[in-house]
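Mapping of the sequence shown onto our numbering: position 209 corresponds to residue 243, and the numbering continues sequentially without gaps. The C-beta atom is built at its ideal place from N, Cα and C for all residues, glycine as well.
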Amino acid sequence: MAPVPSAVVHRFEIALVGPPSTAEPGCMTVSDDALPDRSLLLRTLVPVLGLLCPDAVACDITAAYVWGVDAYPHGTRVTRTRLHVAVPRGVRRVATQAVVAHHEPVPPHERVEVEGARITAPARTAADIAARAPSLFLATSRLDMFLSRGLVHRHELVAAARRRRPSGQNARLRAALRLSSGLSHSPAESWARVLVRSTRLPPPEPQCPVPTREGVFHADLGWPRYRLALEYDSREHHADPRARALDRYAAMADEGWGVVPIGIHDLCAQPGRLLRRLQDELTARGWSCSREDAQALRRDVLRFDRHPPRLR
């Protein structure tokens, strides 16, 4: 396996554990603080990969978990489900009860070693889990998580997206790449942005600055021209108490900004209703569109009424 360039090691160490450790050059270390059982997963991977073949590489959502991105279905214990492993096409004798085998090549420049386990590099991992995501919403949020953590740069994702994949996967990956942003602080922000960008509404600005007398707040999404902000209202996302969030909204309102607070229910169960509310708020603040765009927007809203986005 080719050694990992020291600059790359430095960037990944900072993203995962803070300042660089005393690990040997070319070998990365990770912390178990962010995701449960990550160290146990690594200790499990080392012997499993060794038993499969010398070129077996942990990939897909298993590799993403090592990098600190949890793409498993909600409630899944990573150490109690099958490992995703890339193996050469000629390897057939794989214990399928323990491993999901991906018969695909992982060239040396797309793999690294983390605490003795061979793992797909962050750009390859991000591209893979986005391409295989069950919806554009999930694909985009997965890329956002890698970008926001500083694990990848956009040009690396663009390069990783050139790898040959099934046509449907390539189309989803390219679409997610166009919509992705390293400014999202949570999957819900990513989902809300994709929802709006999937319609003829004006595109919002992620982490939109809102100057107030209390300081500059950053709305999850915002339309500065129309002084409208969208805030994902979740105590899990915003550590501030509810009262502090209301103080933020009041400070924004004092500067002429409107705030549309939303929750997960708005995104997964009532996306059409949310879009209509945003349309009304934007229109009241001066936004307008052509008759053709208005008709297309109406169709977009009806489409989401009938088929809410898949977010899990």
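Exercise. On a CA-only basis, which of A284, V134, A194, R188 is nearest L217? Give me that one, please.
Key: R188
Quiz item: Among the residues of its own chain, which have a CB less than 7 angstroms from the CB of I163, if the five just before and after it don't count?
Solution: D94, I95, A98, A105, R176
Practice problem: Using alpha carbons as the reference points, say which of E147, G124, L312, R114 lies closest to V4. | Solution: Given a span of 35 to 346 for the chain in the structure shown, any question on residue 4 remains unanswerable.
Quiz prompt | Under the three-state DSSP convention, the category R340 falls into | solution = helix
Practice problem: Could you tell me which uninterrupted alpha helix (DSSP H) segments, each at least 4 residues in length, are contained entirely in the region 77-150, listed from first to last along the chain? | Solution: 94-100
Exercise. Locate the alpha helix (DSSP H) running through D267, then write down its first and last residues.
Key: First-last for D267: undefined, no H or E at that position.
Quiz item: Which residue comes first and which comes last in the beta strand (DSSP E) that contains H252?
Solution: 249-257
Quiz item: Can you give the Cα-Cα distance for V244 and V250, rounded to whole angstroms?
Solution: 5 angstroms
Practice problem: Closer than 7 angstroms by C-beta to H272: which residues in its own chain qualify, once you throw out the five before and the five after it? Chain order, please. | Solution: Note that H272 scores 48 on pLDDT, short of 50, meaning its location in the model is unreliable and no value can be drawn from it.
Practice problem: Could you check the C-alpha separation between L117 and R234 for me, to the nearest Å? | Solution: 41 angstroms
Quiz prompt | Straight-line gap, A284 to L181 (C-alpha atoms, nearest Å) | solution = 32 angstroms
Exercise. Answer yes or no: does any C-beta atom of chain B fall closer than 7 angstroms to that of S322?
Key: As a matter of chain content, chain B is missing from the structure shown, which is built from one protein chain.
Quiz prompt | Buried or exposed (CB count within 10 angstroms, at least 16 for buried), S324 | solution = exposed
Quiz item: Under a three-way DSSP split, which group does T233 fall into?
Solution: coil
Quiz item: Looking only at its own chain, which residues have a Cβ that is under 7 angstroms from the Cβ of P342, when we skip the five neighbours before and after it?
Solution: C302, A303, P305
Quiz item: Ordered along the chain, which non-local residues of its own chain (more than five positions away) have a Cβ less than 8 angstroms from that of C87?
Solution: V121, P122, V125
Quiz prompt | Those residues which DSSP pairs with E239 across a bridge | solution = G256
Quiz item: Taking the continuous alpha helix (DSSP H) assigned at P70, which residues delimit it?
Solution: Run containing P70: none; DSSP gives neither H nor E here.
Quiz item: Shortest alpha-carbon distance to I298 belongs to which of E190, H137, P221?
Solution: P221
Exercise. Would you kindly work out how many angstroms separate the C-alpha atoms of E326 and V230, rounded to a whole number?
Key: 18 angstroms
Quiz prompt | Contacts around R206, its chain only, beta-carbon distance under 8 angstroms, and the 5 residues preceding and following it disregarded | solution = A164, A165, A167, L170, A173
Exercise. Quick one: give me the first and last residue of the beta strand (DSSP E) that R295 is part of.
Key: Residue identity check: residue 295 is Pro in the sequence provided, not Arg. Run containing P295: 292-296, per the beta strand (DSSP E) assignment.
Quiz item: In or out: D254 buried (at least 16 other Cβ within 10 Å) or exposed?
Solution: buried
Quiz item: With a Cβ-Cβ cutoff of 7 angstroms, do L79 and A151 count as a contact?
Solution: yes
Quiz item: Residues in its own chain within less than 7 angstroms of L155 by CB, not counting five upstream and five downstream?
Solution: One detail in the question is off: residue 155 reads as Ala in this sequence, not Leu. Same-chain partners within the cutoff: E144, R145, V146.
Quiz item: Which whole-angstrom value is the C-beta distance of P295 and D267, which I expect to be below 8 angstroms?
Solution: 4 angstroms
Quiz item: By how many angstroms is the C-alpha of S224 removed from the C-alpha of G256?
Solution: 13 angstroms
Quiz item: Tell me which same chain residues have a C-beta within less than 8 angstroms of the C-beta of P237, skipping the five on either side of it?
Solution: V230, R231
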